[in-house]
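Colleague:
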Amino acid sequence: MILVTGAAGALGTLVAERLADRADVALGTRDLRRTRSPLPARRIDFDDPDTLATGFEGVDVLLMISAGAGEDDTVIARHGAAVEAAERAGVGHVVYTSLTADGDHLPYALPHRWTERRLRESSMAWTILRNGLYAELLAEIAAPSPEGRITAPLGEGRLAAVARADLAEAAARVAVEAPAHAGRVYELVGEQSVGGADLAQAHGPRVTYEPEAMSRTRARVAASGAEPFQVPMLVGTCSAIAAGFMARTGGDLRRLLGRAPRSPISAVLA
Numbered sequence: 001m002i003l004v005t006g007a008a009g010a011l012g013t014l015v016a017e018r019l020a021d022r023a024d025v026a027l028g029t030r031d032l033r034r035t036r037s038p039l040p041a042r043r044i045d046f047d048d049p050d051t052l053a054t055g056f057e058g059v060d061v062l063l064m065i066s067a068g069a070g071e072d073d074t075v076i077a078r079h080g081a082a083v084e085a086a087e088r089a090g091v092g093h094v095v096y097t098s099l100t101a102d103g104d105h106l107p108y109a110l111p112h113r114w115t116e117r118r119l120r121e122s123s124m125a126w127t128i129l130r131n132g133l134y135a136e137l138l139a140e141i142a143a144p145s146p147e148g149r150i151t152a153p154l155g156e157g158r159l160a161a162v163a164r165a166d167l168a169e170a171a172a173r174v175a176v177e178a179p180a181h182a183g184r185v186y187e188l189v190g191e192q193s194v195g196g197a198d199l200a201q202a203h204g205p206r207v208t209y210e211p212e213a214m215s216r217t218r219a220r221v222a223a224s225g226a227e228p229f230q231v232p233m234l235v236g237t238c239s240a241i242a243a244g245f246m247a248r249t250g251g252d253l254r255r256l257l258g259r260a261p262r263s264p265i266s267a268v269l270a
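Residues in the sequence shown are numbered consecutively from 1, following UniProt numbering.
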């Protein structure tokens, strides 16, 4: 049996859609009321050890979608509990959605690298999907204002953004064919990198790109009601893009999909 955790999140929902016709798939989520898939669901809460002890029973392949935003110690504790429970339950293979290697410059990279190391040290087979940053995230942080200005502090930097739907399809394929991917690390970044000027052009002739200073972005995000840990996460993402660390493209995603990935611009506009 394949178990997909985080099934109520954006990525997990897309994975569930792609596996909905299979009889050997179950979904794991902390809130069963949010799951709208026809697939059977189990309550899986990385903060509740009891749900892990029972939820991983009979699972052959665990598609472990990262437990989401939080302070490093919180995410590490969640992932550590999940891996330990999977080992005890006899799970044979874990497919983990990590972060692209170029993302080491991002403030939230450390829990991903910790989890990768923990999986390598585990008794289970593993596959690591190092996901690039979502094109949908770029759409949020670089959305035009009502006046038609994109002010995200991206400088001249570019991002090899990836459509979330492509990452979901790749994860679903790997989970179904897990033994063929054992011990593999895939860099799932886009084949095109885009910057602020590209986004402005895509939105039409009335939209301009006028990046603001990083300090102004930090103040604006802090005043928006964001959690304290979210401020450096967002600003650090913009900083890494602006500094040119997130522009490198790759071909692993095409190889897993068997086709060209979606255009990041089309995903942004959608």
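No residue lacks a Cβ here, since even glycine has one placed at the ideal position from N, Cα and C.
Which term fits L133, buried or exposed, when burial requires 16 or more other beta carbons within 10 angstroms of its beta carbon?
Modeller: The residue given as residue 133 occupies position 133 in the sequence shown. So L133 counts as buried.
Colleague: On the criterion of 16 or more Cβ atoms from any shown chain inside 10 Å, does E187 qualify as buried, or is it exposed?
Modeller: In the sequence shown, the residue the question calls residue 187 occupies position 187. E187 should be labelled buried.
Colleague: Whole angstroms are fine: how far does the CA of A160 sit from the CA of M246?
Modeller: Within the sequence shown, residue 246 is the residue found at index 246, counting from 1. Within the sequence shown, residue 160 is the residue found at index 160, counting from 1. Taking the straight line joining both Cα atoms gives about 6 Å.
Colleague: Determine the closest residue to A10 out of L137, V174, E191 and A213, with distance taken between C-alpha atoms.
Modeller: Counting from 1 along the sequence shown, the entry for residue 10 is found at position 10. Taking only the C-alpha atoms, the option nearest A10 is L137.
Colleague: Please name the residue in G58, E84 and D166 whose C-alpha comes closest to that of G258.
Modeller: Here residue 258 refers to the residue found at position 258 of the sequence shown. Nearest option by C-alpha distance: D166.
Colleague: Distance, Cα to Cα, R164 vs S123?
Modeller: Position 164 of the sequence shown holds residue 164. Position 123 of the sequence shown holds residue 123. Going by the C-alpha atoms only, they are around 30 Å apart.
Colleague: Is A135 helix, strand or coil by DSSP?
Modeller: The residue given as residue 135 occupies position 135 in the sequence shown. A135: helix per DSSP, three-state reduction.
Colleague: Identify, in the order they occur along the chain, each residue of the same chain with its Cβ nearer than 7 Å to the Cβ of H203, setting aside the five sequence neighbours on each side.
Modeller: Here residue 203 refers to the residue found at position 203 when the sequence shown is read from its first residue. P144, listed in sequence order.
Colleague: Taking only runs that begin and end inside the segment 213–261, name each unbroken alpha helix (DSSP H) of 4 or more residues, in chain order.
Modeller: Segments of the alpha helix (DSSP H) lying fully in the segment 213–261: 214–222, 230–242 and 252–257.
Colleague: Can you give the Cα-Cα distance for G225 and V61, rounded to whole angstroms?
Modeller: On the sequence shown, residue 225 is found 225 positions in, with the first residue counted as 1. On the sequence shown, residue 61 is found 61 positions in, with the first residue counted as 1. One C-alpha to the other measures close to 39 Å.
Colleague: Name the DSSP beta bridge partners of E187, please?
Modeller: As a first step, residue 187 is located in the sequence shown; it is residue number 187 there, counting from the start. Per DSSP, R130.
Colleague: How big is the Cα-Cα spacing for L14 and I265?
Modeller: On the sequence shown, residue 14 is found 14 positions in, with the first residue counted as 1. On the sequence shown, residue 265 is found 265 positions in, with the first residue counted as 1. Rounded to the nearest angstrom, the two C-alpha atoms are 20 Å apart.
Colleague: Ends of the alpha helix (DSSP H) at H79?
Modeller: For the purposes of this step, residue 79 is taken as residue 79 along the sequence shown, with counting starting at 1. Here the alpha helix (DSSP H) through H79 covers D72 to A89.
Colleague: Is the segment 37–57 in contact with the segment 21–29, if contact means three or more CB pairs nearer than 8 Å?
Modeller: Touching, yes, given that three or more Cβ pairs across the two stretches are closer than 8 Å.
Colleague: Give the secondary structure of S266 by DSSP, where H, G and I count as helix, E and B as strand, and everything else as coil.
Modeller: Taking the first residue of the sequence shown as position 1, residue 266 is located at position 266. Looking at S266 - three-state DSSP - the assignment turns out to be helix.
Colleague: Excluding the 5 residues flanking D45 on each side, which residues of the same chain have their C-beta closer than 7 Å to its C-beta?
Modeller: For the purposes of this step, residue 45 is taken as the residue at position 45 of the sequence shown. Closer than 7 Å at Cβ, skipping near neighbours: R30 and T51.
Colleague: Around the C-beta of R120, are 16 or more other C-beta atoms found within 10 angstroms, so that it is buried, or is it exposed?
Modeller: Here residue 120 refers to the residue found at position 120 of the sequence shown. Exposed.
Colleague: Name the DSSP bridge partner or partners of V194?
Modeller: For this step, residue 194 is matched to residue 194 along the sequence shown. Paired residue(s): L159.
Colleague: Opposite V94 in the DSSP bridges: which residues?
Modeller: Position 94 of the sequence shown holds residue 94. According to DSSP, V94 bridges with L62 and W126.
Colleague: Name the two residues that bound the continuous beta strand (DSSP E) containing R43.
Modeller: In the sequence shown, counting from the first residue as 1, residue 43 sits at position 43. Looking at the DSSP string, the run of the beta strand (DSSP E) that includes R43 is A41 to R43.
Colleague: Should D48 go down as buried or exposed, given a rule of 16 or more other Cβ atoms within 10 Å for buried?
Modeller: Here residue 48 is taken as the residue at index 48 of the sequence shown, counted from 1. So D48 counts as exposed.
Colleague: Going by other Cβ atoms of all chains shown within 10 Å of its Cβ, with 16 needed for buried, is D102 buried or exposed?
Modeller: On the sequence shown, residue 102 is found 102 positions in, with the first residue counted as 1. D102 should be labelled buried.
Colleague: State the Cα-Cα distance for the pair R130 and P111, rounded to the nearest angstrom.
Modeller: The residue you call residue 130 lines up with position 130 of the sequence shown. The residue you call residue 111 lines up with position 111 of the sequence shown. Using only the alpha carbons, I get a separation of about 13 Å.
Colleague: Once DSSP output is grouped into helix, strand and coil, what is the label at G12?
Modeller: As a position in the sequence shown, residue 12 is number 12, starting the count at 1. If DSSP states are grouped into helix, strand and coil, G12 belongs with the helices.
Colleague: Could you please give the first and the last residue of the uninterrupted beta strand (DSSP E) stretch that includes L3?
Modeller: Numbered from its first residue, the sequence shown carries residue 3 at position 3. Counting along the chain, the beta strand (DSSP E) containing L3 begins and ends at I2 to V4.
Colleague: With a threshold of 16 other CB atoms inside 10 Å of the CB of T97, please say whether the residue is buried or exposed.
Modeller: The residue labelled residue 97 in the question sits at position 97 within the sequence shown. Buried is the call here.
Colleague: From what residue to what residue does the alpha helix (DSSP H) around G55 run?
Modeller: Residue numbering aside, residue 55 sits at position 55 when the sequence shown is read from its first letter. Counting along the chain, the alpha helix (DSSP H) containing G55 begins and ends at P49 to G55.
Colleague: For V189 versus T151, is the C-beta distance shorter than 8 Å?
Modeller: Against the sequence shown, residue 189 aligns to sequence position 189. Against the sequence shown, residue 151 aligns to sequence position 151. No, Cβ-Cβ distance for V189 and T151 is not below 8 Å.
Colleague: With DSSP collapsed to three states, give me the class of R36.
Modeller: Taking the first residue of the sequence shown as position 1, residue 36 is located at position 36. DSSP places R36 in coil when its eight states are reduced to three.
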